[in-house]
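Residue numbers (our numbering), protein chains in the order written: chain V, 1 to 291; chain P, 292 to 884.
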Amino acid sequence: MDLVLQLLFTGIGIGAVYALVALGFVLIFRATNVVNFAQGEFSMVAAYLMVVFAVDLGWPYWLSFLLALGGMALLGAIFNLGVYYPLRHRTFLPVIIATIGASILLANSVLAIYGPQPQVLEGWFETPGIQLGPVYLDSQYLLIIAVTIVLVTFNYWFFEHTMLGKKLQATSQDKEMASLLGISVSTMIMITFIYSAVLGGLAGILVAPILFVSIQMGSTIALKAFAATIIGGFGDVAGAIIGGLALGIIETFGAAYVSVPYKDGFAFLVLVAFLVFRPQGIFGERVAEKA
Amino acid sequence: MSAPGENLAVTAALPRTKPLLWRHLPYFIGAAILVMLASTMEIDGYIHNILMQATTFAIAVFGLSVVLGLCGQINLAQAAFFGLGAYAVGLGTSDYHLSYWFCLAGGCVIALLAGAFLGMSTLRLGGHYLAMVTISFQQIVTLVMINSIWLTHGPDGVSRIGRPELFQSSQSYLAFCVAMLALVGYAVWHLSDMRLGRAMRAVRDNELAAGVVGIDVFRTKVSAFALSAVLGGLAGGLFAGGFAYVSPDQFSFAESVVFLTMSLLGGVASPIGSAIGTGLLILIPEWLRFLKSIPGLYLAIYGLSVILIIRYMPDGIWGFVNILTARWRGKPRMKLAAPGLQLAPATIGGDIVLSVKALSKHFGGLKAVDNVDFEVRRGGVHALIGPNGSGKTTTLNVLSGLYKATSGTVTLDGTDVTDMPPHQRAVAGLGRTFQNIRLFRSMTALENVVIGAERPGNTLIGRAGDDALNERAMSALSFVGLGTRAHELISSFSYGHQRLIEIARALAANPTLLLLDEPAAGLNSSEKLELHALLKRIAAQGLTILIIDHDMTLVSEAAQHITVLNFGRRIADGESMGVLRHPDVVSAYLGTE
Numbered sequence: 001m002d003l004v005l006q007l008l009f010t011g012i013g014i015g016a017v018y019a020l021v022a023l024g025f026v027l028i029f030r031a032t033n034v035v036n037f038a039q040g041e042f043s044m045v046a047a048y049l050m051v052v053f054a055v056d057l058g059w060p061y062w063l064s065f066l067l068a069l070g071g072m073a074l075l076g077a078i079f080n081l082g083v084y085y086p087l088r089h090r091t092f093l094p095v096i097i098a099t100i101g102a103s104i105l106l107a108n109s110v111l112a113i114y115g116p117q118p119q120v121l122e123g124w125f126e127t128p129g130i131q132l133g134p135v136y137l138d139s140q141y142l143l144i145i146a147v148t149i150v151l152v153t154f155n156y157w158f159f160e161h162t163m164l165g166k167k168l169q170a171t172s173q174d175k176e177m178a179s180l181l182g183i184s185v186s187t188m189i190m191i192t193f194i195y196s197a198v199l200g201g202l203a204g205i206l207v208a209p210i211l212f213v214s215i216q217m218g219s220t221i222a223l224k225a226f227a228a229t230i231i232g233g234f235g236d237v238a239g240a241i242i243g244g245l246a247l248g249i250i251e252t253f254g255a256a257y258v259s260v261p262y263k264d265g266f267a268f269l270v271l272v273a274f275l276v277f278r279p280q281g282i283f284g285e286r287v288a289e290k291a
Numbered sequence: 292m293s294a295p296g297e298n299l300a301v302t303a304a305l306p307r308t309k310p311l312l313w314r315h316l317p318y319f320i321g322a323a324i325l326v327m328l329a330s331t332m333e334i335d336g337y338i339h340n341i342l343m344q345a346t347t348f349a350i351a352v353f354g355l356s357v358v359l360g361l362c363g364q365i366n367l368a369q370a371a372f373f374g375l376g377a378y379a380v381g382l383g384t385s386d387y388h389l390s391y392w393f394c395l396a397g398g399c400v401i402a403l404l405a406g407a408f409l410g411m412s413t414l415r416l417g418g419h420y421l422a423m424v425t426i427s428f429q430q431i432v433t434l435v436m437i438n439s440i441w442l443t444h445g446p447d448g449v450s451r452i453g454r455p456e457l458f459q460s461s462q463s464y465l466a467f468c469v470a471m472l473a474l475v476g477y478a479v480w481h482l483s484d485m486r487l488g489r490a491m492r493a494v495r496d497n498e499l500a501a502g503v504v505g506i507d508v509f510r511t512k513v514s515a516f517a518l519s520a521v522l523g524g525l526a527g528g529l530f531a532g533g534f535a536y537v538s539p540d541q542f543s544f545a546e547s548v549v550f551l552t553m554s555l556l557g558g559v560a561s562p563i564g565s566a567i568g569t570g571l572l573i574l575i576p577e578w579l580r581f582l583k584s585i586p587g588l589y590l591a592i593y594g595l596s597v598i599l600i601i602r603y604m605p606d607g608i609w610g611f612v613n614i615l616t617a618r619w620r621g622k623p624r625m626k627l628a629a630p631g632l633q634l635a636p637a638t639i640g641g642d643i644v645l646s647v648k649a650l651s652k653h654f655g656g657l658k659a660v661d662n663v664d665f666e667v668r669r670g671g672v673h674a675l676i677g678p679n680g681s682g683k684t685t686t687l688n689v690l691s692g693l694y695k696a697t698s699g700t701v702t703l704d705g706t707d708v709t710d711m712p713p714h715q716r717a718v719a720g721l722g723r724t725f726q727n728i729r730l731f732r733s734m735t736a737l738e739n740v741v742i743g744a745e746r747p748g749n750t751l752i753g754r755a756g757d758d759a760l761n762e763r764a765m766s767a768l769s770f771v772g773l774g775t776r777a778h779e780l781i782s783s784f785s786y787g788h789q790r791l792i793e794i795a796r797a798l799a800a801n802p803t804l805l806l807l808d809e810p811a812a813g814l815n816s817s818e819k820l821e822l823h824a825l826l827k828r829i830a831a832q833g834l835t836i837l838i839i840d841h842d843m844t845l846v847s848e849a850a851q852h853i854t855v856l857n858f859g860r861r862i863a864d865g866e867s868m869g870v871l872r873h874p875d876v877v878s879a880y881l882g883t884e
């Protein structure tokens with residue numbers, strides 16, 4: 001029982017990371033109808049920025065954190081201008097191929113600059129964690145869960161109760177109508193990309209002390225986050241979060257009870273099971289294309 | 292209506308095109324020369340390896356040109372399929388001492404099954420699902436290759452891989468691979484003009500339209516994907532025999548990216564482009580070896596190239612060459628003479644062609660169509676009208692199978708089609724056009740109409756070959772007045788003409804019932820007159836038409852029978868003049884006092 005509780009805590013912690021990246025996926029998907037295959041690389045790049053600022057240059061953790069997030073905002077903007085925006089009037093296939101190209105470019109540029117050796121990033125807190133009854137609560141996992149709760153709450157408040165959030169929603173639902181109402185669609189899409197890059201970056205920085213900082217972390221996280229969005233129902237914000245948590249838990253238990261080397265395979269199995277048996281996910285409902 | 296006998300007589304009188312193999316003889320002569328060169332020319336080991344790699348990679352890239360180029364579906368696991376074939380040959384010949392041919396065939400079958408399974412689980416959904424699932428699959432295959440050491444030898448890889456008795460020397464084996472390349476290349480090149488290839492292109496251009504002209508969209512996509520996987524497996528098997536050693540890193544996601552880049556660079560739509568892309572991306576890295584000293588730099592450049600190609604050269608090098616040389620190439624001059632269009636709608640179900648009973652379609656709480664009954668009599672024009680939002684187009688979409696009915700039944704010519712997908716309804720005899728025109732935009736007018744003529748269940752075509760299809764398509768285009776422009780691309784036609792091509796596509800299929808969704812929308816007044824005359828000529832041949840439109844002049848003049856919907860319910864039904872005077876209809880259109 002103790003082990004189960006411990007695994008549950010770890011699963012939720014890792015699932016929260018997937019949920020954050022999945023949220024970035026969903027936001028861009030809703031704004032542009034395109035899945036951004038480089039979403040995972042945002043996490044990876046942010047983790048490397050942290051390594052550069054906090055480890056290599058030795059700057060304070062909070063300053064490095066802010067600089068890394070600033071860097072991600074810049075990357076999100078460049079990504080939009082360089083990859084998505086020129087192709088916005090084309091069909092979805094060229095756009096996803098371009099985002100795949102961008103993902104390869106980002107991962108391998110970092111590899112070329114930093115080399116294949118995985119890097120280590122310390123956690124935010126000096127204290128490693130606290131013992132609560134039978135369960136050991138690692139401080140970094142606690143931080144991840146707390147940040148995720150805060151962000152999800154912020155997300156809800158931002159999209160439902162601020163003018164900017166409502167404009168973003170309007171843009172994602174009907175670009176033409178939004179532009180007729182005087183909303184600058186290109187600005188809204190720019191904001192979406194920047195916000196998603198920052199979210200992805202945040203997830204990467206939070207998870208970096210748990211995993212190693214490596215080139216592969218981007219694609220691994222992206223696959224899990226994508227599986228999470230399908231489990232939850234594509235395009236659904238709540239679904240992405242529930243899906244992320246569910247996947248984190250499944251994977252942690254799978255690694256403990258079934259097989260460690262194939263840990264990353266469970267996401268794929270769950271993904272295929274959902275695609276075959278419930279492609280609309282737990283919450284979502286696919287809407288047929290209008291004839 | 293004229294007797295079918297006359298029709299056959301005209302067909303026989305037209306000149307036949309020469310047999311295919313005869314026309315393509317130069318290709319086979321060229322291929323034979325290449326095989327001869329490969330088997331006799333003195334080459335050193337280094338050049339031999341490069342040629343071996345280029346030949347096998349090109350076959351794998353042909354696979355991408357089928358799935359991505361022809362069918363518009365993405366495959367980011369081509370290296371995994373390549374690896375399945377390579378490991379089948381590798382492990383089979385070295386560990387289990389099986390025959391090379393058996394292993395090569397086995398590898399293709401394994402790749403086929405894996406491809407079909409992935410495709411079937413994913414291809415009903417949007418393209419981004421396929422992209423992610425193929426990436427996941429790629430990673431699983433790599434995981435298994437590295438970790439299942441009992442089977443795969445893990446990171447050490449497989450060595451001492453055998454070759455067939457017949458091709459023991461590396462030179463003869465290379466010649467064998469070149470011959471395979473030529474054969475596969477021919478098949479892929481020819482595929483786009485075959486029924487399956489046309490179906491793939493139709494699916495790529497417009498899935499909804501492909502469904503309503505009778506193409507099984509899902510099966511076509513799965514076929515394309517499985518075919519691409521098989522070519523990957525075949526290429527991998529050949530590769531393993533050529534190099535006698537394989538290891539997991541040769542089949543990683545990075546290699547899938549390399550295949551994708553080769554395909555995009557050369558031109559995804561054609562096997563010639565695939566060959567160009569493969570050749571360049573194998574040679575360029577050999578010239579720029581210093582780039583390999585920095586890990587990652589290489590693939591970073593590939594990633595950047597993908598973005599740039601997609602943005603600036605979407606059709607690749609070969610597409611670019613094609614555009615440049617277009618003006619020197621002669622336009623295809625086919626005989627434009629075609630017999631008059633015959634329409635011979637099937638008559639199985641008696642006097643009633645379409646019977647709709649208690650049909651409902653609800654979107655959540657919205658009752659878009661609510662308990663509607665009506666019958667369409669054979670051999671006339673029946674109109675379905677109603678104010679905006681009355682449920683007309685929803686009804687049409689339920690009738691053609693794009694939406695699933697919430698309840699009720701739809702019977703077409705005696706067949707219950709209520710639960711059929713669109714393509715099966717097409718087989719049952721339904722044809723339709725769309726309000727917002729849905730043509731296959733990368734094709735010519737003729738090709739669009741040929742795909743219509745190809746409808747399974749078209750009794751006027753049956754199992755006849757390309758000549759009969761082309762002829763029927765020409766007849767249909769001439770019937771709508773566009774016969775002389777048959778070889779022009781869709782984009783060069785005006786909006787009104789595109790509408791006519793869509794009608795020709797439906798007519799060529801020889802449907803039992805033709806659904807026209809607002810055919811007059813967006814037409815100017817002279818085009819409307821032409822449309823009206825066309826409808827008369829169609830009806831004169833005995834084809835039953837169900838038309839939706841807002842143009843009251845057109846509806847009242849063309850239709851003998853009218854059904855009126857308002858707020859999803861039927862408010863009137865009967866002979867047209869009577870219905871238009873019905874007080875409920877007048878108030879629905881003009882409001883009550």
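For every residue, glycine included, the Cβ atom is placed at its ideal position computed from N, Cα and C.
Report, in whole angstroms, the separation of the C-beta atoms of residue i and residue j, which I expect to be a contact under 8 Å.
i                : j                : result
Gly527 (chain P) : Phe372 (chain P) : 7 Å
Gly677 (chain P) : Asn857 (chain P) : 5 Å
Cys394 (chain P) : Ala515 (chain P) : Cys394 (chain P) to Ala515 (chain P), Cβ: 26 Å. No contact.
Val272 (chain V) : Ser547 (chain P) : With a Cβ gap of about 18 Å, Val272 (chain V) and Ser547 (chain P) do not count as contacting.
Gly533 (chain P) : Gly376 (chain P) : About 12 Å separates the two Cβ atoms, so there is no contact after all.
Asp507 (chain P) : His714 (chain P) : 5 Å
Residues bridged to residue i by DSSP?
i                : result
Thr702 (chain P) : P:Ser646 and P:Asp707
Gln131 (chain V) : V:Tyr136
Arg860 (chain P) : P:Asn857
Phe654 (chain P) : P:Leu657
Val213 (chain V) : V:Gln119
Ala292 (chain V) : Residue 292 (chain V) is absent from the structure shown; chain V starts at 1 and stops at 291.
Ala674 (chain P) : P:Ile838 and P:Ile853
Glu866 (chain P) : P:His852
Using C-beta distances below 8 Å, list every residue in its chain close to residue i, excluding the 5 sequence neighbours before and after it, in chain order.
i                : result
Phe428 (chain P) : Ala368, Ala371, Ala405 and Leu409
Val718 (chain P) : Gly505, Arg746, Pro747 and Gly748
Ser450 (chain P) : Ser385, Ala535 and Tyr536
Who are the Cβ neighbours of residue i in its own chain at under 6 Å, not counting the five residues just before and after it?
i                : result
Gly40 (chain V)  : Gly218, Ser219, Ile221 and Ala222
Thr10 (chain V)  : Thr252
Leu121 (chain V) : Met50, Val51, Ala208, Pro209 and Val213
Ala291 (chain V) : Legend: pLDDT at Ala291 (chain V) = 39, less than 50; position of this residue unreliable, value from coordinates given subsequently. There are no such residues.
Leaving out the 5 sequence neighbours to the left and right, which residues in its chain are closer than 7 Å to residue i when beta-carbon positions are compared?
i                : result
Val185 (chain V) : Thr171, Lys175, Ala178 and Ser179
Ala228 (chain V) : Tyr18, Ala19, Ala22, Ala240, Gly243, Gly244 and Leu247
Could you tell me whether the stretch 199–218 of chain V touches the stretch 139–156 of chain V, where touching means 3 or more Cβ pairs closer than 8 Å?
yes
Pairs of beta-carbons, one from the stretch 414–421 of chain P and one from the stretch 86–104 of chain V, closer than 8 Å: are there three or more?
yes
Members of the stretch 801–823 of chain P near chain V, C-beta cut-off 7 Å
none
Please determine if the stretch 436–449 of chain P and the stretch 554–564 of chain P are in contact, where contact requires at least 3 C-beta pairs separated by less than 8 Å.
no
Would you call the stretch 654–671 of chain P and the stretch 633–644 of chain P in contact, with 3 or more CB pairs under 8 Å?
yes
For the stretch 844–863 of chain P against the stretch 809–827 of chain P, are there 3 or more C-beta pairs whose distance is under 8 Å?
yes
Mind checking the stretch 255–280 of chain V against chain P and listing, in chain order, the residues whose C-beta falls within less than 8 Å of any C-beta there?
Pro261, Tyr262, Asp264, Gly265, Ala267, Phe268, Leu271, Val272, Leu275, Val276 and Pro279
Using a Cβ cut-off of 7 Å, which residues of the stretch 595–621 of chain P contact any Cβ in chain V, in chain order?
Leu595, Val597, Ile598, Ile601, Arg602 and Pro605
Select from the stretch 419–433 of chain P all residues with a C-beta closer than 8 Å to any C-beta belonging to chain V, and list them in chain order.
His419, Tyr420, Ala422, Met423, Val424, Ile426, Ser427, Phe428, Gln430 and Ile431
In chain order, what residues of the stretch 116–130 of chain V put their CB closer than 9 Å to some CB of chain P?
Pro116
Touching or not, the stretch 336–351 of chain P and the stretch 484–495 of chain P, by the rule of three or more beta carbon pairs under 8 Å?
no
If the cut-off is 9 Å on Cβ atoms, which residues from the stretch 11–37 of chain V count as contacting chain P, listed in chain order?
Phe29, Val34, Val35 and Phe37
Is it the case that the stretch 463–477 of chain P contacts the stretch 541–557 of chain P, given that we only count it when at least three CB pairs across the two stretches are under 8 Å?
no
Scan the stretch 554–584 of chain P for residues whose Cβ lies nearer than 9 Å to a Cβ of chain V and list them as they occur along the chain.
Leu555
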